[in-house]
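Residue numbers (the working numbering): 958 to 1263. Here's the structure, in structure tokens; my notes come after.
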Ligand SMILES: Cc1ncc(COP(=O)(O)O)c(C=O)c1O
């Protein structure tokens, strides 16, 4: 995980402000109660061009997350997409980067009713490389369960949800693993701390369904589409914990993690402990697609003039 690399400008509440001046009050509601929703988006540079991956889908998910929490975003999806592109350009970024839009309840009232606090919005963009080790990761099944949908909707990418991921991530790191896999409240596999998960068994792909309390990942959807274009069968169905130990291959998907092979789970090698052939095939295809090298998936890219 890399330290933040500063860029020149952050967009906040309708204005571009210098990075160091993009500040909020300590009594901001979201800071105390987690009342914000956000997105993580990547943009890739390739052959002198920059492409934002599935920009519109990410902004649409931001609106859905906000709707769940009665937050009316005072911009349209199109306006936000244009601001993201403008922000990349004004920062003159010419390398792979990460885009972080956040909408949150601001300053004004204290207490659990957020409805009188203003809706604020910021977007930052900064250079970003690998999030997890690209060669693959060693995981543990977390003792923390994924928040069930009857307590907090996991389908909303809400700030408060991430304290669950943070507990699992700290536990994994302190125990000497790279990443945590969380089970849902029924004991089925849900997802990583910030990634969706796939396993491969006998040439078929399996991934936990929405009702295993996952965030409905945009990378997950992309991999489902690509793998089926490659002719693989893919099933969204509950995955038992022990299947993690006996599957042939496993990998994470996510904007930050991209496609990361899982090499070991709870001390057991996944397959032979190396990236498997199907994982490699979909990973390579994904990596080509995000850089605009596959005509079938250009539809997912928004080109930014650089
Ligand atoms: C908890 C969680 N699950 C899954 C994902 C993967 O989602 P996406 O592929 O849309 O980035 C993320 C990342 O946003 C996440 O934070």
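No residue lacks a Cβ here, since even glycine has one placed at the ideal position from N, Cα and C.
Would the beta-carbon of residue 1200 be found less than 6 Å away from any heavy atom of ligand 1? Along the chain shown, read from residue 1 onward, the residue named residue 1200 stands at position 243. No, Cβ of residue 1200 sits at least 6 Å from all heavy atoms of ligand 1.
Looking at residue 1057 and residue 1081, is the spacing between their C-beta atoms short of 7 Å? For this step, residue 1081 is matched to residue 124 along the chain shown. For this step, residue 1057 is matched to residue 100 along the chain shown. Taking 7 Å as the Cβ cut-off, residue 1081 and residue 1057 qualify as a contacting pair.
Within the present structure, is the beta-carbon of residue 1124 separated from the nearest heavy atom of ligand 1 by less than 6 Å? Reading the chain shown from its first residue, position 167 is the one you call residue 1124. Of the heavy atoms belonging to ligand 1, none sits nearer than 6 Å to the Cβ of residue 1124.
N- and C-terminal bounds of the alpha helix (DSSP H) containing residue 1166: For the purposes of this step, residue 1166 is taken as residue 209 along the chain shown, with counting starting at 1. Residue 1166 -> no alpha helix (DSSP H), and no H or E assigned at all.
Per-residue DSSP class, three states only, for residue 1259: Indexing the chain shown from 1 puts residue 1259 at position 302. Strand, per DSSP.
Three-way DSSP call (helix, strand, coil) for residue 1023 in this model: Here residue 1023 refers to the residue found at position 66 when the chain shown is read from its first residue. Three-state DSSP puts residue 1023 in a helix.
Residue 1003 bridges to which residues according to DSSP? Counting from 1 along the chain shown, the entry for residue 1003 is found at position 46. The beta-bridge partner set that DSSP reports for residue 1003 consists of 1006.
Quick test of your reading: residue 1125 and residue 1099, contact by CB under 8 Å. State the CB separation rounded to the nearest angstrom. Start at 1 with the first residue of the chain shown, and residue 1125 comes out as number 168. Start at 1 with the first residue of the chain shown, and residue 1099 comes out as number 142. Between residue 1099 and residue 1125 the Cβ distance is about 4 Å, and since that is below 8 Å, they are a contact.
What is the DSSP secondary structure of residue 1217, counted as helix, strand or coil? The residue you call residue 1217 lines up with position 260 of the chain shown. In this structure, residue 1217 counts as strand in the three-state DSSP scheme.
The region 1194-1212 in contact with the region 1067-1086 per 3-pair CB rule at 8 Å: Result no; under three Cβ-Cβ pairs closer than 8 Å.
Keeping to the same chain, check which residues put their C-beta closer than 8 Å to that of residue 1145; ignore five residues upstream and five downstream. Taking the first residue of the chain shown as position 1, residue 1145 is located at position 188. Result list for residue 1145: 1165, 1169, 1195, 1196, 1197, 1198, in chain order.
Need the endpoints of the alpha helix (DSSP H) that residue 994 sits in, please. On the chain shown, position 37 is the one that residue 994 refers to. No alpha helix (DSSP H) holds residue 994; the beta strand (DSSP E) holding it covers 993-995.
Comparing alpha-carbon positions, which option in 1155, 1167, 1122 lies nearest residue 1206? One-based indexing of the chain shown puts residue 1206 at position 249. The residue among 1155, 1167, 1122 with its C-alpha nearest the C-alpha of residue 1206 is 1155.
Alpha-carbon spacing of residue 1078 relative to residue 1013, whole angstroms: What you label residue 1078 is simply residue 121 of the chain shown in a count that begins at 1. What you label residue 1013 is simply residue 56 of the chain shown in a count that begins at 1. Using only the alpha carbons, I get a separation of about 17 Å.
Burial state of residue 1027 (16 or more Cβ within 10 Å): Along the chain shown, read from residue 1 onward, the residue named residue 1027 stands at position 70. It counts as exposed.
Spatial neighbours of residue 1263 within its chain, please: C-beta separation below 6 Å, excluding the five flanking residues on both sides. Working through the chain shown from its first residue, we reach residue 1263 at position 306. Sequence-distant partners of residue 1263 (beyond 5 residues in either direction) whose C-beta falls short of 6 Å from its own C-beta, in its chain, are 1007, 1051.
Using only CA atoms, which one of 1044, 1130, 1101 lies nearest to residue 1140? Taking the chain shown and counting its residues from 1, one reaches residue 1140 at position 183. Considering only alpha carbons, the answer is 1101.
Residue 1079 - DSSP class collapsed to helix/strand/coil: Indexing the chain shown from 1 puts residue 1079 at position 122. Strand.
For residue 1153, which residues does DSSP report across the bridge? On the chain shown, position 196 is the one that residue 1153 refers to. Partner(s): 1210.
In angstroms with no decimal places, state the Cα-to-Cα distance between residue 1010 and residue 1247. For this step, residue 1010 is matched to residue 53 along the chain shown. For this step, residue 1247 is matched to residue 290 along the chain shown. Using only the alpha carbons, I get a separation of about 6 Å.
For residue 1162 versus residue 1191, is the C-beta distance shorter than 7 Å? Counted from its first residue, the chain shown places residue 1162 at position 205. Counted from its first residue, the chain shown places residue 1191 at position 234. Cβ distance < 7 Å, so residue 1162 and residue 1191 count as in contact.
Count the other CB atoms, across all protein chains shown, that sit within 10 Å of the CB of residue 1036; report buried if there are 16 or more and exposed otherwise. The residue labelled residue 1036 in the question sits at position 79 within the chain shown. With fewer than 16 other Cβ atoms within 10 Å, it is exposed.
Residue 1172 CB to nearest heavy atom of ligand 1 below 6 Å: Translated into positions along the chain shown, residue 1172 becomes position 215. Taking non-hydrogen atoms of ligand 1 into account, the C-beta of residue 1172 is found less than 6 Å away from one of them.
With residue 981 as the anchor, note down where its alpha helix (DSSP H) starts and where it stops. Counting from 1 along the chain shown, the entry for residue 981 is found at position 24. Run containing residue 981: none; DSSP gives neither H nor E here.
Give the C-beta separation of residue 1034 and residue 1016 to the nearest angstrom, bearing in mind that I take them to be a contact with Cβ-Cβ under 8 Å. Counting from 1 along the chain shown, the entry for residue 1034 is found at position 77. Counting from 1 along the chain shown, the entry for residue 1016 is found at position 59. Indeed they touch by this definition, with Cβ atoms about 5 Å apart.
Could you tell me whether the Cβ atoms of residue 1054 and residue 1219 are closer together than 7 Å? One-based indexing of the chain shown puts residue 1054 at position 97. One-based indexing of the chain shown puts residue 1219 at position 262. Taking 7 Å as the cut-off, the beta carbon of residue 1054 is found no closer than this to the beta carbon of residue 1219.
Residue range of the alpha helix (DSSP H) that includes residue 1139: As a position in the chain shown, residue 1139 is number 182, starting the count at 1. First-last for residue 1139: 1136-1140, but that is the beta strand (DSSP E), not the alpha helix (DSSP H).
Looking at the unbroken alpha helix (DSSP H) that takes in residue 1266, where does it start and where does it end? Since the first and last residues shown for the chain are 958 and 1263, residue 1266 lies out of range.
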